[in-house]
Amino acid sequence: MSPDSPPPAESPFASSRTPRDEAPQFVLPLVVRLERDAPPARTDALETAARAVLVMLADERSTGDGAWAEVIRDWQDARIRKVVRRARGAEWRRAEALPGITVTGKSAEVRVFPPVPLDGWPKDLARLQVSGTELEDPEPPAPADLSGPVIWFSPELDMSAGKSMAQAGHGAQLAWWELSQEERDAWRDAGFPLAVRTAEPARWAELTRGGLPLVRDAGFTEIAPGSCTVVADHPALR
7 MSPDSPPPAE SPFASSRTPR DEAPQFVLPL VVRLERDAPP ARTDALETAA RAVLVMLADE
67 RSTGDGAWAE VIRDWQDARI RKVVRRARGA EWRRAEALPG ITVTGKSAEV RVFPPVPLDG
127 WPKDLARLQV SGTELEDPEP PAPADLSGPV IWFSPELDMS AGKSMAQAGH GAQLAWWELS
187 QEERDAWRDA GFPLAVRTAE PARWAELTRG GLPLVRDAGF TEIAPGSCTV VADHPALR
């Protein structure tokens, strides 16, 4: 499946075994900068991670004959895996030296890298911590602008910040696949505005029945297979 193709017939996040499991497996690495004295706010980190995935998908190196296009295709033909690691100080500087794209939010910095084989991480990324990444919002996030894109999280699940960043990226990617090229271009040209919020139970019930892109996690980490984690709500999909 190419980056410009329509969404897959079977979910790339399904818990049951599919033909995607037979393909070579790749993972999209994301690294969040987490300095001891200046951690980012949780919601900003989730939104920045989602935008980072979109920036990677839209980058000219990821499409056509670009330098990353082949590995992007290989990644999307298998399970759509994303793993978020954390870095600070010299670790972050080494990560920045590797090919990738750094996306900044209000307080967050996230660097996204072209996909790598599941067991073939560059050593400067493989050594970074992946589990237990926890972040907090200093104050509750403002209500989302419901006229724009919103990635809604399930109110029923408790996930680490790292896992949640990956889920936000999954939701953004599913929305991207559903859009026309003209709609993608408009979103990109606007800087990929989006909000990440946890839905109230009643809204969540409506969202999961509304035909919008829905992530059902494969259950590799933290949560049960088949758990509905996020719904991607984009104005063009309503």
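Heads up: the sequence shown begins at 7 in the working numbering, then just goes up one per residue.
Cβ atoms here follow ideal geometry from the backbone N, Cα and C, with glycine treated the same way.
Proximity below 8 Å, CB of residue i to CB of residue j
{"i": "Ala201", "j": "Asp143", "result": "no"}
{"i": "Gly197", "j": "Ala55", "result": "no"}
{"i": "Val109", "j": "Ala181", "result": "no"}
{"i": "Val136", "j": "Arg99", "result": "no"}
{"i": "Asp71", "j": "Phe32", "result": "no"}
{"i": "Ala93", "j": "Ala51", "result": "no"}
Cβ neighbour criterion (16 or more within 10 Å) applied to residue i
{"i": "Gln187", "result": "exposed"}
{"i": "Pro146", "result": "exposed"}
{"i": "Pro120", "result": "buried"}
{"i": "Ala103", "result": "exposed"}
{"i": "Gly138", "result": "exposed"}
{"i": "Gly168", "result": "buried"}
{"i": "Phe159", "result": "buried"}
{"i": "Glu66", "result": "exposed"}
{"i": "Pro12", "result": "Confidence in Pro12 is poor, its pLDDT being 49 and thus under 50, which makes the residue's placement unreliable; the coordinate value appears in the next sentence. The residue is exposed, with fewer than 16 neighbouring Cβ atoms inside 10 Å."}
Closest residue to residue i among the options (Cα-Cα distance)
{"i": "Thr49", "options": "Gly232, Ala224, Ser170", "result": "Ser170"}
{"i": "Gly177", "options": "Thr69, Val237, Val61", "result": "Val237"}
{"i": "Pro155", "options": "Pro199, Phe119, Ala132, Arg194", "result": "Pro199"}
{"i": "Gly111", "options": "Arg194, Ala208, Ala47", "result": "Ala47"}
{"i": "Ile229", "options": "Asp164, Glu41, Arg203", "result": "Asp164"}
{"i": "Pro241", "options": "Thr227, Leu185, Gly168, Asp223", "result": "Leu185"}
{"i": "Pro105", "options": "Leu124, Arg94, Leu36", "result": "Leu36"}
{"i": "Glu41", "options": "Arg190, Phe159, Leu141", "result": "Leu141"}
{"i": "Ala205", "options": "Glu162, Trp193, Val118, Ala75", "result": "Glu162"}
{"i": "Leu63", "options": "Leu52, Asp43, Val118", "result": "Val118"}
{"i": "Phe226", "options": "Ala51, Gln173, Leu52, Ser68", "result": "Gln173"}
{"i": "Ile78", "options": "Gly95, Ala51, Leu60, Ala93", "result": "Leu60"}
{"i": "Arg190", "options": "Leu243, Thr235, Pro231", "result": "Leu243"}
{"i": "Ala96", "options": "Glu53, Ile157, Arg133, Ser153", "result": "Arg133"}
{"i": "Pro45", "options": "Leu218, Val116, Leu213", "result": "Val116"}
{"i": "Gly217", "options": "Ala101, Asp239, Thr235", "result": "Asp239"}
{"i": "Arg203", "options": "Ala192, Thr235, Ala224, Trp183", "result": "Thr235"}
{"i": "Pro123", "options": "Asp65, Ser166, Ile86", "result": "Ile86"}
{"i": "Ala224", "options": "Ala84, Asp125, Glu53, Thr69", "result": "Ala84"}
{"i": "Glu53", "options": "Ile157, Leu213, Ser166", "result": "Ile157"}
Alpha-carbon spacing of residue i relative to residue j, whole angstroms
{"i": "Gln179", "j": "Leu220", "result": "11 Å"}
{"i": "Pro9", "j": "Gln82", "result": "Residue placement at Pro9 is poorly supported in this model, since its pLDDT is 46, which falls under 50; the coordinates are not used for a value here."}
{"i": "Ser233", "j": "Arg215", "result": "15 Å"}
{"i": "Lys88", "j": "Arg39", "result": "16 Å"}
{"i": "Ala29", "j": "Arg222", "result": "20 Å"}
{"i": "Pro149", "j": "Leu34", "result": "30 Å"}
{"i": "Ala75", "j": "Asp195", "result": "21 Å"}
{"i": "Asp27", "j": "Pro231", "result": "15 Å"}
{"i": "Ala192", "j": "Ala73", "result": "24 Å"}
{"i": "Ala101", "j": "Asp43", "result": "19 Å"}
{"i": "Trp183", "j": "Thr69", "result": "14 Å"}
{"i": "Ser153", "j": "Asp125", "result": "41 Å"}
{"i": "Ser166", "j": "Leu213", "result": "23 Å"}
Review point. Counting Cβ pairs closer than 8 Å, one from the segment 203-210 and one from the segment 129-141, do we hit at least three?
Key: no
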